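Inspection log for the structure reproduced underneath, given as structure tokens.
Protein chains: 2
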Amino acid sequence: MAKPVAMRGFARERVLEAALELFSDHGVSGTSLQMIADRLGVTKAAVYYQFHSKDDIALAVVKPVFDDIEHLLRIADTLPTTETRRSVTMGGMVELIIRHRRISSVFYGDPTVHHLLEGTDEFRVVGERLAGVLLGPDPDNATRVAISMFSAGVHGCVTDPMISELDDAELQEILLDLTKKFLEVCVPSC
Amino acid sequence: MAKPVAMRGFARERVLEAALELFSDHGVSGTSLQMIADRLGVTKAAVYYQFHSKDDIALAVVKPVFDDIEHLLRIADTLPTTETRRSVTMGGMVELIIRHRRISSVFYGDPTVHHLLEGTDEFRVVGERLAGVLLGPDPDNATRVAISMFSAGVHGCVTDPMISELDDAELQEILLDLTKKFLEVCVPSC
DNA sequence: GTCTATAAAGAGATAGAC
DNA sequence: GTCTATCTCTTTATAGAC
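Those protein sequence lines, which keep their order, are chains A and B.
Quick note: the first sequence uses our numbering, first residue 35, plus one each step.
Quick note: the second sequence uses our numbering, first residue 35, plus one each step.
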């Protein structure tokens, strides 16, 4: 007899939730399948039933973020000018990163995950499209640096312990304001 | 007969150099002593002769950065106002991070290293003093977020592959300019 | 100061019982 | 779908020869 639909896939979600917490505490390389299993009170074999490898888990954890980025890029594609595409994408990224506050910081800057994403066409392509929209056509060096600093800054800031007391709404308001000012002053072509 | 002074400690430096390259490619957790030994063409035991543990290597790699931060903070301590202390420290950090371009990015945001540094009084204290100078007395939330974004942004940007073609001098010029503008526009108390 | 050898623990992953 | 048990490889780290 099949399990009710409402129950199906719950174990998978629990693995992802536990993995996310551990990844963000210890990094992906610093997290073992044993640690994930222990946190769930199950054995490694039970985890392997849900995912074929540790890489699979890491990719499944980040997937929702890339899905949202892709959605944002589809919206940006409908906009008429380079400038509006860029500013809408930057604002959208801020909201998106805060929505996935725990996830995005885990993966931005983690070399292990970087290599994993580079080796996964689906994700690499999204990253390249995002960079294309943020940089615009023929970006000069100052623009490149400003965009890089913005991206790293937002990702890094949302999980900075110094900031952790701020709730999502408050953080988003401040970050959107900073983003607007930053864009006006620091990106030459705006 | 003792080894000539000019030779002493060279093996140690070679270990640190190899470790730095591997750490920046694979993260600290993703790098094993075997990988370090292999890159040097020696055995693990030879590495263990120079350092008692992997943590020791990681701490020795970051030490020069913290030495320079401490030097910068001593300079900042001599300045009269909160604002000059902050702007001089921010500019100094930009130069310092570029000077240690390969090192600093490895460690900023790496959870393994974060825990290691938190557990080492010498380094934790420097980090706290730095945060104190950058934040100033009684920082509001917007200042906290701006400073956090600045720190993460500079660290993340210097090793962004998108930026890697820029040489140190060019990158420093752009980053110092961005820092100045950012400080004027984004930090409320300035 | 660098080696071989090895211990002891933990990693990722699989097979097969229930 | 979850377990026990196990395999194989790698890890950190030490002991002792040279």
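C-beta: ideal position from N, C-alpha, C; glycine also.
Remember, it's a predicted structure, so these values are computed and weren't measured experimentally.
Endpoints, alpha helix (DSSP H) assigned at G166 (chain B): D155 to L169
Chain B contacts from the stretch 132-151 of chain A (Cβ-Cβ distance under 7 Å): G143, D144, P145 and T146
Beta-carbon contacts of Y142 (chain B) that lie in its chain and below 6 Å, excluding the five residues immediately before and after: H189
Cutoff 8 Å: A45 (chain A) Cβ touching any chain B Cβ: no
Distance, S185 (chain B) Cα to I109 (chain B) Cα: 19 Å
Against chain B: residues of the stretch 49-66 of chain A by CB proximity under 9 Å: F57, S58, D59, H60, G61, V62, S63, G64 and T65
Identity of the residue in B:I181, B:G187, B:K78 and B:A92 nearest H148 (chain B) by Cα: B:A92
Cutoff 8 Å: M69 (chain B) Cβ touching any chain A Cβ: no
Collapsed DSSP secondary structure at A36 (chain B) in the structure displayed: The predicted position of A36 (chain B) is uncertain, since its pLDDT is 47 and thus under 50; no value can be drawn from it.
Chain-order list of residues whose beta-carbon lies under 8 Å from that of P171 (chain A) (same chain, five-residue window excluded): T116
Residue nearest to V192 (chain B) in terms of C-alpha spacing, selected from B:Q84, B:D101, B:T154 and B:I131: B:I131
Contact list for K215 (chain B) against chain A, beta-carbon separation under 8 Å: V219 and C220
Distance between D111 (chain A) and D101 (chain B) (C-alpha atoms, nearest Å): 48 Å
Proximity below 8 Å, CB of F157 (chain B) to CB of L151 (chain B): yes
Sequence-distant residues of its chain with Cβ nearer than 7 Å to M196 (chain B) (five each side left out): none
is_contact[F157 (chain A), chain B] using C-beta, thresh 8 Å: no
Distance, N175 (chain A) Cα to P226 (chain B) Cα: As displayed, chain B neither begins before 35 nor continues past 224, which places residue 226 (chain B) out of reach and without an answer.
Cβ of E204 (chain A) within 8 Å of any chain B Cβ: yes
Length of the line joining the Cα atoms of K78 (chain A) and A52 (chain A): 13 Å
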